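Protein chains in written order, with UniProt numbering: chain V, 1 to 254; chain C, 1 to 254.
Down below is the structure, laid out as structure tokens.
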DNA sequence: GCTTGCGGTTGCCGTTGCGTCAACTCCTAC
DNA sequence: GTAGGAGTTGACGCAACGGCAACCGCAAGC
């Protein structure tokens, strides 16, 4: 028993165009083609199509589905990865919806040019920034090991890399500010994930233990130069960042 | 003071390709071009670019951004619509992640061919379905007005429309089953939204008031033929659907 | 014998927001 | 004279198809 493309389409609920597409990308070739070039599908193909549609409903890409069906990938592993992606995307949308909602509220409150809810978005906070000699000397004196490590790492970067990195730091600060104005507690997994990114960023230059990381956190608030940098992005960000770092140090560092 | 494309790219953090793209689609034409064809950007363009990037970060499409900037659309209205879209998409992902998570759990529990967590997914539950004369006569006798209205609406549909409609009904039942196995309470907005869709579907043939809709709900469970149809999708679906409909009737109908 | 219609075919464009070549041009410095 | 850098336009590619065009084969009806 074989079926024509239109019959399969009616039985499965997809369009014949889709079936041709699946044939075209090698996901579901028909059992054979008649003398007139018409595709003929058998039971094996119907079964395969059923599997395809099942996974498609779960949101897997056709490429992944093909990998699974051709047993070039483990079903469970693919689904786990997909699940993680879904949760991450959901969290992203949640944050985004919050930001849009606040912007909207500001707009309707009459502020014609909302300033992003108190967040400034410098494209690159450190553009043309050279650490002033005074601070540099101070760091060198107080933490000579860290200063030396950091110096080596900095010198190894090209100008381009430096700028990309500065941009990334700025973006991280803005994301943190987002959480802050959204009222997200610093213990929230999303905030801690961001803090983890910050920690990894710091580790590019210097690997702090819990106490050192806490020291850095304190410096952000206590040192007027650091605090000013944070507060240029959003008021209170230095303290928020410090709190997040302290939670991170307590939970993830030793 | 004007800037070259590379300068603007460095200042704003986007690539020169992006700027050319924005020019290409008319979103951000340069202030002018030099004798050598090179684009020159002025302060007005930088300001416009800043606005663009702001809205882009909020997730708006370039088309929407252009509409807003050319004041062919209301900022607040666009943001409100976008906010709604974001929330809907977030909810979709949440449900999807739940389904994927349960499928994954079933898979890891050893069931190599998980049956979608107890949900059957007939492509079209009513394929080739003709209401049996007995039921038909019964409905006609008990609710003559409704039977007549429904008959007229049914006859007005082409075969194609009928099949599409049956498919949609089946899909709705599967979505309901998803909520049921996910343990979502029937009072949940998502479930009520689905019930609203069901209600609108019913209204294509017959417009029930609160009592009638509740009566239909009861029939789903009490009538063995209806219940069997629901339970072919998932066990207990008839009761779940009834509960959802009763909540709906109480809250939205009179 | 000719037309009409159905069911199928291939192939190409459009969708979104750019990344990534390729092939040129212009200007400057050595 | 030539190498290099900064710019240009044009085109393909990405995911998963929808939709259209042009064409083919086969049947029925005139």
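Note that beta-carbon positions come from the ideal geometry of N, C-alpha and C, so glycine has one too.
Predicted, not measured: the structure shown is a model, and the values here were computed from it.
Figure out for me which residue from the options has the closest Cα to the Cα of residue i.
{"i": "residue 79 of chain C", "options": "V:72, V:103, V:65 and V:58", "result": "V:103"}
{"i": "residue 77 of chain C", "options": "V:83, V:54, V:107 and V:73", "result": "V:107"}
{"i": "residue 203 of chain V", "options": "V:2, V:147 and V:182", "result": "V:147"}
{"i": "residue 54 of chain V", "options": "V:75, V:109, V:198 and V:32", "result": "V:75"}
{"i": "residue 175 of chain V", "options": "V:57, V:198 and V:138", "result": "V:198"}
{"i": "residue 57 of chain C", "options": "V:24, V:71 and V:95", "result": "V:95"}
{"i": "residue 61 of chain V", "options": "V:25, V:158 and V:88", "result": "V:25"}
{"i": "residue 189 of chain V", "options": "V:50, V:181, V:88 and V:156", "result": "V:88"}
{"i": "residue 251 of chain V", "options": "V:63, V:152 and V:196", "result": "V:196"}
{"i": "residue 201 of chain C", "options": "C:18, C:183, C:162 and C:181", "result": "C:162"}
{"i": "residue 212 of chain C", "options": "C:71, C:170, C:21 and C:145", "result": "C:145"}
{"i": "residue 171 of chain V", "options": "V:3, V:182 and V:230", "result": "V:230"}
{"i": "residue 223 of chain C", "options": "C:20, C:138, C:3 and C:84", "result": "C:138"}
Compute the beta-carbon to beta-carbon distance between residue i and residue j, rounded to the nearest angstrom, for a pair I have assumed lies under 8 Å.
{"i": "residue 194 of chain C", "j": "residue 179 of chain C", "result": "7 Å"}
{"i": "residue 206 of chain C", "j": "residue 150 of chain C", "result": "5 Å"}
{"i": "residue 14 of chain V", "j": "residue 41 of chain V", "result": "In fact, because the Cβ distance is near 12 Å, the residues do not count as touching under 8 Å."}
{"i": "residue 69 of chain V", "j": "residue 39 of chain V", "result": "Contact flag wrong, Cβ pair sits at about 19 Å."}
State yes or no: is the C-beta of residue i within less than 8 Å of the C-beta of residue j?
{"i": "residue 249 of chain V", "j": "residue 210 of chain V", "result": "yes"}
{"i": "residue 105 of chain V", "j": "residue 177 of chain V", "result": "no"}
{"i": "residue 28 of chain V", "j": "residue 100 of chain C", "result": "no"}
{"i": "residue 97 of chain C", "j": "residue 225 of chain V", "result": "no"}
{"i": "residue 216 of chain C", "j": "residue 173 of chain C", "result": "no"}
{"i": "residue 277 of chain V", "j": "residue 1 of chain V", "result": "For residue 277 of chain V there is no data in the structure shown, the boundaries of chain V being 1 and 254."}
{"i": "residue 110 of chain V", "j": "residue 82 of chain V", "result": "no"}
Which residues in the same chain have their Cβ closer than 8 Å to the Cβ of residue i, if we skip the five residues on either side of it in sequence?
{"i": "residue 185 of chain C", "result": "191"}
{"i": "residue 214 of chain V", "result": "245, 246 and 249"}
{"i": "residue 6 of chain C", "result": "16"}
{"i": "residue 67 of chain V", "result": "73 and 78"}
{"i": "residue 221 of chain C", "result": "227, 238, 239 and 242"}
{"i": "residue 50 of chain V", "result": "12"}
With 16 other CB atoms within 10 Å as the buried threshold, where does residue i fall?
{"i": "residue 93 of chain C", "result": "buried"}
{"i": "residue 45 of chain V", "result": "buried"}
{"i": "residue 208 of chain V", "result": "buried"}
{"i": "residue 135 of chain C", "result": "exposed"}
{"i": "residue 242 of chain V", "result": "buried"}
{"i": "residue 142 of chain V", "result": "exposed"}
{"i": "residue 33 of chain C", "result": "exposed"}
{"i": "residue 227 of chain C", "result": "buried"}
{"i": "residue 187 of chain V", "result": "exposed"}
{"i": "residue 158 of chain V", "result": "exposed"}
Here's a check: name, in chain order, each residue in its chain whose Cβ is nearer than 6 Å to the Cβ of residue i, leaving out the five neighbours to either side.
{"i": "residue 52 of chain V", "result": "65"}
{"i": "residue 165 of chain V", "result": "none"}
{"i": "residue 182 of chain V", "result": "98"}
{"i": "residue 4 of chain C", "result": "none"}
Output needed for residue i: all residues of its chain with C-beta closer than 7 Å, excluding positions within five of it in sequence on either side, in chain order.
{"i": "residue 30 of chain C", "result": "23, 39, 40, 41 and 45"}
{"i": "residue 218 of chain V", "result": "242"}
{"i": "residue 36 of chain C", "result": "none"}
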